[in-house]
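What follows is one structure encoded as structure tokens, with my remarks underneath.
2 protein chains.
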Amino acid sequence: MKNKEVLVREALLGSNAKVAAEVRRALLRKKILGVNLMSSPGSGKTTLLEQIAERLGGGYRLAVIEGDIETERDAARIRAKGIPAWQITTGGACHLEAKMIGRIFPEIPPDLDFLFIENVGNLVCPAAYDLGESLRCVLLSVPEGDDKPKKYPKAFLTADCLVITKSDLLPILPYDLEGVKQEALDINPRLSVFVLSALTGDGLEPFLQYLVRFREKAISPDA
Amino acid sequence: MKNKEVLVREALLGSNAKVAAEVRRALLRKKILGVNLMSSPGSGKTTLLEQIAERLGGGYRLAVIEGDIETERDAARIRAKGIPAWQITTGGACHLEAKMIGRIFPEIPPDLDFLFIENVGNLVCPAAYDLGESLRCVLLSVPEGDDKPKKYPKAFLTADCLVITKSDLLPILPYDLEGVKQEALDINPRLSVFVLSALTGDGLEPFLQYLVRFREKAISPDA
Chain A
4 MKNKEVLVRE ALLGSNAKVA AEVRRALLRK KILGVNLMSS PGSGKTTLLE QIAERLGGGY
64 RLAVIEGDIE TERDAARIRA KGIPAWQITT GGACHLEAKM IGRIFPEIPP DLDFLFIENV
124 GNLVCPAAYD LGESLRCVLL SVPEGDDKPK KYPKAFLTAD CLVITKSDLL PILPYDLEGV
184 KQEALDINPR LSVFVLSALT GDGLEPFLQY LVRFREKAIS PDA
Chain B
4 MKNKEVLVRE ALLGSNAKVA AEVRRALLRK KILGVNLMSS PGSGKTTLLE QIAERLGGGY
64 RLAVIEGDIE TERDAARIRA KGIPAWQITT GGACHLEAKM IGRIFPEIPP DLDFLFIENV
124 GNLVCPAAYD LGESLRCVLL SVPEGDDKPK KYPKAFLTAD CLVITKSDLL PILPYDLEGV
184 KQEALDINPR LSVFVLSALT GDGLEPFLQY LVRFREKAIS PDA
């Protein structure tokens with residue numbers, strides 16, 4: 004028999020899935036690609052978004068929802084790049100949920116191309132919550148080590164792409180790049196894998212092209 | 004009115020606190036210091052434990068409980084240092100709980116000096132769960148960035164000490180060391196703060212001395 008905790012959790016996930024489906028439909032109807040970025044704290048989600056803002060902001064209309072336990076720090080960094088940003092502070096909750104995105108929805112400009120959602124820094128809990136995104140990216144930074152995919156499999160299993168960040172540290176840290184890619188692909192063979200440094204810009208271009216192509220496919224009438 | 008989720012959570016935390024108090028009493032009765040290590044994935048908890056094993060293992064009897072979602076990887080690394088280690092794989096749960104420690108308790112040698120518990124890599128959820136430790140350490144690695152304490156305050160608020168790890172990267176990464184210390188101390192002025200590199204060994208000695216002193220105090224009859 005399932006205990007009370009499991010039953011409550013299943014009910015919460017069920018109601019989250021319903022709201023997420025509504026958010027996804029509403030975004031795609033406006034030709035907006037929702038992108039959910041998940042990772043450990045400090046893997047470089049905000050720095051990657053700053054680079055996306057600079058490099059994609061000229062040709063596309065972007066907005067960002069930032070999730071954190073406390074502080075407006077990340078939203079302030081994005082706004083400094085001229086991109087509209089909303090900060091959700093969860094107060095203590097370890098992940099974002101679809102209803103939090105739904106609450107911001109009325110404020111989102113209807114003519115966007117991309118809505119990025121930076122989840123709370125946590126490689127575990129966010130993986131269980133669909134936010135209504137069409138593209139889910141898991142980030143893993145080089146200094147976190149190359150043994151992480153099998154230790155935290157759900158994030159890799161549920162993602163569409165893996166972005167290995169802070170590649171500028173590859174020459175000075177012990178790191179088996181091919182090994183970590185293979186381990187992630189063993190968990191989820193459908194993963195698209197990118198290796199980049201948001202600090203130096205190395206490897207960013209293929210990831211930006213992937214974002215653009217993924218959006219075109221997602222909003223096409225045949226999708 | 005509180006919703007069902009909050010009520011279930013409070014009941015779980017209440018029952019966890021009771022088990023944790025029993026674990027703590029049982030450990031201290033045997034003059035064992037329980038140490039709970041919490042951090043993001045990849046902050047260097049296992050590497051720090053490997054160093055502790057090498058440097059403290061000669062004079063003190065150590066054992067380690069490893070918490071992970073999946074894999075025996077971390078326990079295998081500790082056993083390779085000649086230290087007994089138990090691996091808890093939570094299957095999906097994002098933190099350890101006191102009852103998981105209690106289940107291992109009968110297997111723990113009674114003549115230990117230190118029982119280290121490496122929590123699941125997660126800077127959020129583990130902070131809410133007392134495991135029966137007497138000393139709680141939060142680790143924060145330099146590459147995670149210097150903006151983390153106020154974004155994840157509970158881990159810093161509930162810890163006895165902060166260990167800033169991977170200090171070998173300080174010369175090459177932008178990082179405000181004094182700023183991050185001050186921010187952590189603003190949240191919790193009682194924190195003891197250490198800066199070290201488990202890779203080079205720099206700064207380890209003061210932390211090891213702190214562990215030894217903390218144990219002596221905790222097991223003294225006046226404690």
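These protein sequence lines are chains A and B, in that order.
Heads up, my numbering is the position in the first sequence plus 3, with the first residue counted as 1.
Heads up, my numbering is the position in the second sequence plus 3, with the first residue counted as 1.
Cβ coordinates follow ideal geometry from the N, Cα and C atoms, glycine included.
None of these values were measured; they are calculated from a predicted model.
So, at 6 angstroms on beta carbons, what are the nonlocal neighbours of Lys33 of chain B in its own chain, with the 5 sequence-adjacent residues on each side left out?
Numbered from 1 along the second sequence, position 30 holds the residue referred to as residue 33 of chain B. Around Lys33 of chain B: Pro113.
Since Ser43 of chain B meets chain A, which of its residues come closer than 9 angstroms, beta carbon to beta carbon?
As a position in the second sequence, residue 43 of chain B is number 40, starting the count at 1. Residues of chain A passing the Cβ test: Ser43, Pro44, Gly45, Ser46, Gly124, Asn125, Leu126, Glu147.
From what residue to what residue does the alpha helix (DSSP H) around Val127 of chain A run?
As a working mapping, residue 127 of chain A is identified with position 124 in the first sequence. Run containing Val127 of chain A: none; DSSP gives neither H nor E here.
Going along the chain, which residues of the stretch 71-82 of chain A sit with their C-beta nearer than 9 angstroms to a C-beta in chain B?
Under the 9 angstroms Cβ criterion, the stretch 71-82 of chain A contributes Asp71, Ile72, Glu73, Thr74, Arg76, Asp77.
Using a Cβ-Cβ cut-off of 7 angstroms (strictly less than) and excluding sequence neighbours within five positions of Ser195 of chain A, which residues of its own chain qualify?
Within the first sequence, the letter at position 192 stands for residue 195 of chain A. Counting only Cβ-Cβ distances below 7 angstroms, and skipping sequence neighbours, we find Asp163, Cys164, Tyr213.
Please name the residue or residues paired with Met41 of chain A in a DSSP beta bridge.
As a position in the first sequence, residue 41 of chain A is number 38, starting the count at 1. Met41 of chain A is bridged to A:Val141.
Can you name, in chain order, every residue of its own chain whose Cβ lies under 6 angstroms from the Cβ of Val198 of chain A, other than the five neighbours on each side?
Locating residue 198 of chain A in the first sequence gives position 195, counting from the first residue. Ile167, Ser170, Gly206, listed in sequence order.
Determine the chain B residues that contact Ser223 of chain A at a beta-carbon separation under 7 angstroms, and present them in chain order.
If you number the first sequence from 1, residue 223 of chain A lands on position 220. Going along chain B, no residue has its Cβ under 7 angstroms from Ser223 of chain A, so there is no contact; the nearest lies around 35 angstroms.
Excluding the five sequence neighbours on either side, which residues of its own chain have a C-beta within less than 6 angstroms of the C-beta of Thr49 of chain B, listed in chain order?
Within the second sequence, residue 49 of chain B is the residue found at index 46, counting from 1. Same-chain partners within the cutoff: Asp77, Arg80.
In the DSSP assignment, find the alpha helix (DSSP H) that holds Thr49 of chain A and state where it starts and stops.
For the purposes of this step, residue 49 of chain A is identified with residue 46 of the first sequence, where counting begins at 1. First-last of the alpha helix (DSSP H) with Thr49 of chain A: 48-59.
Report yes if the C-beta distance between Gly124 of chain A and Asp149 of chain A is below 8 angstroms; otherwise report no.
As a first step, residue 124 of chain A must be located in the first sequence, where it is residue number 121. As a first step, residue 149 of chain A must be located in the first sequence, where it is residue number 146. No, these two residues do not count as a Cβ contact at 8 angstroms.
For Gln90 of chain A, I'd like the list of residues in its chain whose CB is within less than 6 angstroms of its CB, leaving aside the five on either flank, ordered along the chain.
Position 87 of the first sequence, counted from the start, is the residue given in the question as residue 90 of chain A. Within the same chain, Gln90 of chain A has close Cβ partners Glu69, Glu75, Ala78.
Should Leu188 of chain B and Val145 of chain B be called a contact, given that it needs their Cβ atoms to be closer than 8 angstroms?
Locating residue 188 of chain B in the second sequence gives position 185, counting from the first residue. Locating residue 145 of chain B in the second sequence gives position 142, counting from the first residue. Their beta carbons are not under 8 angstroms apart, which means Leu188 of chain B does not touch Val145 of chain B by this criterion.
Just how far apart, CA to CA, sit Leu59 of chain A and Ala201 of chain A?
For this step, residue 59 of chain A is matched to residue 56 along the first sequence. For this step, residue 201 of chain A is matched to residue 198 along the first sequence. Looking at the two C-alpha atoms, the distance is approximately 14 angstroms.
Taking the straight line between their C-alpha atoms, what separation do you get for Tyr178 of chain A and Lys151 of chain A?
Sequence index remark: in the first sequence, residue 178 of chain A carries index 175 (1-based). Sequence index remark: in the first sequence, residue 151 of chain A carries index 148 (1-based). When rounded, the distance between both Cα atoms is 12 angstroms.
Helix, strand or coil for Gly105 of chain A, going by three-state DSSP, please let me know.
The residue you call residue 105 of chain A lines up with position 102 of the first sequence. Note: Gly105 of chain A maps to helix in three-state DSSP.
Terminal residues of the continuous alpha helix (DSSP H) containing Ala226 of chain B?
For the purposes of this step, residue 226 of chain B is identified with residue 223 of the second sequence, where counting begins at 1. Neither: Ala226 of chain B is in no alpha helix (DSSP H) and is coded neither H nor E.
What whole-angstrom Cβ distance do Ile35 of chain B and Asp116 of chain B have, given they're in contact under 8 angstroms?
For the purposes of this step, residue 35 of chain B is identified with residue 32 of the second sequence, where counting begins at 1. For the purposes of this step, residue 116 of chain B is identified with residue 113 of the second sequence, where counting begins at 1. Going by Cβ atoms, the distance from Ile35 of chain B to Asp116 of chain B rounds to 7 angstroms, so yes, they are a contact pair.
I'd like to check one pair, Arg27 of chain A with Gly135 of chain A: are the Cβ atoms closer than 8 angstroms?
In the first sequence, the residue the question calls residue 135 of chain A occupies position 132. In the first sequence, the residue the question calls residue 27 of chain A occupies position 24. Taking 8 angstroms as the Cβ cut-off, Gly135 of chain A and Arg27 of chain A qualify as a contacting pair.
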